[in-house]
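One structure is given below, encoded as structure tokens.
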Amino acid sequence: RVARAMSSDLIERRRPDGRKPAQLRPPTIEFGPIKRADGSCRFSLGCSTVIVAIYGPQSENILSKQLLDRARVDVTARARTGMPGPAQRALELVVAQHCDQWIDSAQFPRCVVSVVVQEQSADGSGLAVTLNAAWCALLDAGVPMRSTCCSISVGVTEADGLVLDPCLEEETCASALCCISVNCHSGAIVSSTPSHGALSEALYAAAVCYAQGAAKVLEQVIRQALAKHLEKLPRTGQ
């Protein structure tokens, strides 16, 4: 209701790259770009691209790190250039928390799932791009998961108000940024991760509506990309 109540002037207003407030940049998904990994994905929204590789589940060789009742998620985030810093360490924690939510880790006690994140280009909405790449890479690796989740970034700018999938230019002037993960089957909010600032109750309700609509779009793109990927795989007996 909140989203519908937003003025038609806001809905028709164009952003720096020509999009409407509730419009995603064109998503591009490539499954299996890293052949030596158990699963991998290159995920892009516009000019923001992240590649994620999955190794495992495999036995945890370090006894002190073994979890008796479930698999452990180990995330390594690599900087686009130079050595990893505090931003990469913070990203590792967020990605690990989300993977713990997604993976049915009880099936793999005393094991580890290694997640390697590499940012290739950055033009805003980096966390959402990273989380979507990680989820798709887990899917490519055949890791059992509890649900289908898509992540969407939303921001609030003075010029355009609430915007979906903000680009880097919009992020630099945004008063608030948040990444919302949506269960595509139920529409429920799995997580909400603020980057900075805070959304009012009304703006957050509108942001949830934006994210739920965008998650449905991303789910269809993921399904189509996965179907094309599976068509290229050799079939048993051929």
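If you're matching positions, the sequence shown starts at 12 in the working numbering and goes up one per residue. Backbone N, C-alpha and C define an ideal beta-carbon position, used for all residues, glycine too.
In terms of CA proximity to Leu173, Cys189 leads the group Leu179, Ser162, Ser158, Cys189. Fewer than three beta-carbon pairs drawn from the segment 89-105 and the segment 56-64 are found closer than 8 Å, and the two stretches are therefore not classed as touching. Collapsing the DSSP output to three states places Thr183 in a helix. Only residues of its own chain outside the window of five on either side were considered, and among them Gln99, Leu102, Glu103, Val128 have a CB closer than 6 Å to the CB of Ala88, listed in chain order. In this structure, Leu175 lies near Leu35, with their beta-carbon atoms less than 8 Å apart.
When the beta-carbon positions are compared, Asp134 and Arg26 stay at least 8 Å from each other. Looking at the DSSP output, Phe119 bridges to nothing. The C-beta of Ile65 has 16 or more other C-beta atoms within 10 Å across all chains shown, which makes the residue buried. The three-state reading of DSSP puts Ser75 in helix, counting H, G and I together.
Under the 8 Å Cβ criterion, the segment 39-46 does not count as touching the segment 106-124, having fewer than three qualifying pairs. Taking all protein chains shown into account, Ile163 has 16 or more neighbouring C-beta atoms within 10 Å of its C-beta and is therefore buried. Comparing alpha-carbon positions, the option among Gly29, Asn194, Ser186 lying closest to His109 turns out to be Asn194. Asp80 counts as exposed, since fewer than 16 other beta carbons sit within 10 angstroms of its beta carbon.
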